[in-house]
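Just so we're aligned: the sequence shown equals residues 23 to 531 in our numbering.
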Amino acid sequence: MTEAQKILTRLGAPANLAAIGVGGRWQSAAGSPLTVRSPIDGAELAAFAAAQASDVAAVVRAAGEAFRAWRLVPAPRRGELVRRLGERLRQHKADLAHLVSLEVGKITQESLGEVQEMIDVCDFAVGLSRQLYGLTIASERPEHRLAEQWHPLGPVGVITAFNFPVAVWAWNAMIALVCGDPVVWKPSEKTPLCGIACHAIAAGVAAEMPDVPEGLLGLLIGGGQEVGQAVAADVGLPLVSATGSVPMGRAVGQMVAARLGRALLELGGNNAVIVTDDANQDLALRAVLFGAVGTAGQRCTTTRRLILQRGIAREFTAKLVQAYRSVRIGDPLDERTLMGPLINRAAVEAMLAALRQAREQGGEVLHGGNEIDRPGHFVEPTLVRVSPAATIVKDETFAPILYIHEFDGLEQALQIHNDVPQGLSSSIFTTNLISAETFLSHHGSDCGIANVNVGTSGAEIGGAFGGEKETGGGRESGSDSWKWYMRRQTNTINWGSDMPLAQGVRFDL
Ligand code: UN1
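Structure, rendered in structure tokens:
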């Protein structure tokens, strides 16, 4: 048994790993064989057959049946399931984090942080289960009351990416569950074991509560795109929440729109940090280092562009090069390591290809630029000084490349900042109130997330997470993101003995 399999067994997964889960019922699939290898050293972690598109309908049907029962369960009681799940995640935090590190190559600190994010969203959702508020609205008619209610929406399809293989499911599933919605989850085919682990933990907790219907939680591990496409196309899923690349989101969004379903998209980012001449450079340096090098540059919120004011540009760049030199790269399970591997060979190739393009477009590599010669998929974190006009900087390359630009005035910085197709996360480092507020204003950052003296990555779950433009417009996790997972109903109640029409219309016989 591999270490990963031992962890899965402790978390309640079946000995023979299966690609399909409906509550505690696991079912082997007959799709293409899936061999899971660790990006750390290429070692095989597990192998089993993936699900096929034809497997989706039955899981969605079970979710539909579960919906009819779950929507009748009072929301605070639905919160009790999530509360218990949060407790169970606390117990299994170390094991689940270890599995994340093995399967994705994240350093232990970041894997623990990811599981903590799940626990935090559980706590948030438990509170939310008593706060699914609607408004009351002043009616224009006498003795009338106008109000809105939020009702459960139905089963939610959740498609997640490899880089947050457990947390993003939790962001969606915990909110959906308290809102009264079953969840059908299609994890990334690059991280099926994290999918199996979360499903096993959740199904174990659900089985302990008699009012939880079996089909409430579904899992489908696909081998390619076909399962995700079937999820997007299934009318039994009124909401599909998808996290991943822009091309994936475009495909899913169009399929969901074609059936007039609701899509919540959280796609690529091309996040920038602006550092002004008056900034606290120590703060900026630490935030940029974590934002650009953390998770080996594989977060949607990774800092990909650094926009430096001319007066401090040389000095700050020199400090950054110095910091990059001391980043320890290697085994993510070694607590001294700050950067682990990329997810797979294709990610390494994509990084090298982007760097070739950057050089062709006039970029100067100031640090890194190479693959590291050892088993697994290790690269050097890379700094490239390049003009913001170079087309390569408009792309999200899911790797630790940081492009460095220079600017003179804030207007120019904002112009460079917003001149990319994506709009997820952004930040400015400044001690000047006017610069900070301009950045946050309607003519400042065009992103869904905009920070002052805080980096682009590492958002808390309490806020709404997501972005504009090609990032897809969705909002997940905190604030009022829950409204995506429910249907709003507007109610007008006449408690008088007359029948006045709205807008003062008269229609008398
Ligand atoms: C992602 O990369 O898809 O803000 C999510 C952050 C994390 C989540 C990132 N809380 O970096």
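The beta-carbon is built from N, C-alpha and C at its ideal position, and this holds for glycine as well.
Please read these numbers as outputs of a predicted model, since none were measured by experiment.
{"Check": "Going by DSSP in three states, E87 sits in which element: helix, strand or coil?", "Outcome": "helix"}
{"Check": "Would the beta-carbon of N292 fall within 7 Å of that of R347?", "Outcome": "no"}
{"Check": "Give a single yes or no on whether T323 has its beta carbon closer than 6 Å to a heavy atom of ligand 1.", "Outcome": "yes"}
{"Check": "So for Y155, helix, strand or coil by DSSP?", "Outcome": "coil"}
{"Check": "With a CB to CB cut of under 7 Å and the five nearest residues on each side skipped, what residues in its chain are close to L523?", "Outcome": "F529"}
{"Check": "What does the alpha-carbon distance come out to for the pair T57 and I351?", "Outcome": "26 Å"}
{"Check": "Starting from A229, trace the alpha helix (DSSP H) both ways and give me its first and last residue.", "Outcome": "P214 to A229"}
{"Check": "Measure from the alpha carbon of P363 to the alpha carbon of each residue in A318, T452, Q383 and E136, then state which is nearest.", "Outcome": "A318"}
{"Check": "Work out the CA separation of G495 and G488 for me, nearest whole Å.", "Outcome": "7 Å"}
{"Check": "Within a Cβ cutoff of 8 Å, which residues of the same chain sit near S479, ignoring the five residues on either side of it in sequence?", "Outcome": "N293, F312, G313, G316, T317, R321, T323, T324, T325 and S447"}
{"Check": "Can you give me the C-alpha to C-alpha distance between Q511 and A169, rounded to a whole angstrom?", "Outcome": "8 Å"}
{"Check": "Should S479 be listed as close to ligand 1, given that the test is whether its C-beta is under 6 Å from any heavy atom?", "Outcome": "yes"}
{"Check": "CB of F186 to nearest heavy atom of ligand 1: below 6 Å?", "Outcome": "yes"}
{"Check": "Helix, strand or coil: which one does DSSP assign to V188?", "Outcome": "coil"}
{"Check": "Tell me which residues share the same chain as L305 and place their Cβ nearer than 8 Å to its Cβ, disregarding the 5 neighbours each side in the sequence.", "Outcome": "F451 and N475"}
{"Check": "Is the stretch 354 to 371 in contact with the stretch 512 to 522, if contact means three or more CB pairs nearer than 8 Å?", "Outcome": "no"}
{"Check": "Assuming A486 contacts S501 (C-beta within less than 8 Å), just tell me the rounded distance between them.", "Outcome": "4 Å"}
{"Check": "Consult DSSP for Q171 and reduce its assignment to one of helix, strand or coil.", "Outcome": "strand"}
{"Check": "Measure how close the beta-carbons of G179 and A88 come, nearest whole angstrom, since I'm counting them as under 8 Å.", "Outcome": "Not quite, the Cβ-Cβ distance comes to about 14 Å (not below 8 Å), so this is no contact."}
{"Check": "DSSP beta-bridge partners for Y425?", "Outcome": "R327 and V406"}
{"Check": "Mind checking whether A192 and M140 have CB atoms under 7 Å apart?", "Outcome": "yes"}
{"Check": "Is the stretch 258 to 274 close to the stretch 422 to 440, with three or more CB pairs under 8 Å?", "Outcome": "no"}
{"Check": "In this structure, does DSSP put E482 in helix, strand or coil?", "Outcome": "coil"}
{"Check": "What does DSSP give as the partner residues of P10 in its beta bridges?", "Outcome": "Residue coverage of the chain in this structure runs from 23 to 531, which leaves residue 10 outside it and unanswerable."}
{"Check": "Taking V401 as the reference, give the member of S409, G390, V408 and P410 with the closest Cα.", "Outcome": "G390"}
{"Check": "Could you check whether K491 and G526 sit closer than 7 Å to each other, using their CB atoms as the reference points?", "Outcome": "no"}
{"Check": "According to DSSP, simplified to helix, strand and coil, what is M23?", "Outcome": "coil"}
{"Check": "How many Å lie between S499 and L287 at the Cα?", "Outcome": "13 Å"}
{"Check": "Can you tell me where the alpha helix (DSSP H) with N475 in it begins and where it stops?", "Outcome": "N475 -> no alpha helix (DSSP H), and no H or E assigned at all."}
{"Check": "Decide yes or no for the touch test of the stretch 188 to 202 against the stretch 79 to 87: beta carbon pairs closer than 8 Å, at least 3 of them.", "Outcome": "no"}
{"Check": "Can you say whether H464 is buried or exposed, counting buried as having 16 or more other CB atoms within 10 angstroms of its CB?", "Outcome": "exposed"}
{"Check": "Considering only residues of the stretch 260 to 314, which uninterrupted alpha helix (DSSP H) runs meet the minimum length of 4 residues and lie entirely inside it, listed in chain order?", "Outcome": "268 to 280"}
{"Check": "Please list the terminal residues of the continuous alpha helix (DSSP H) segment that includes E386.", "Outcome": "No alpha helix (DSSP H) contains E386, which is instead part of the beta strand (DSSP E) from E386 to H389."}
{"Check": "Could you check if P235 is buried or exposed, using at least 16 other CB atoms within 10 Å of its CB as the buried criterion?", "Outcome": "buried"}
{"Check": "Can you name, in chain order, every residue of its own chain whose Cβ lies under 7 Å from the Cβ of P55, other than the five neighbours on each side?", "Outcome": "A69 and A71"}
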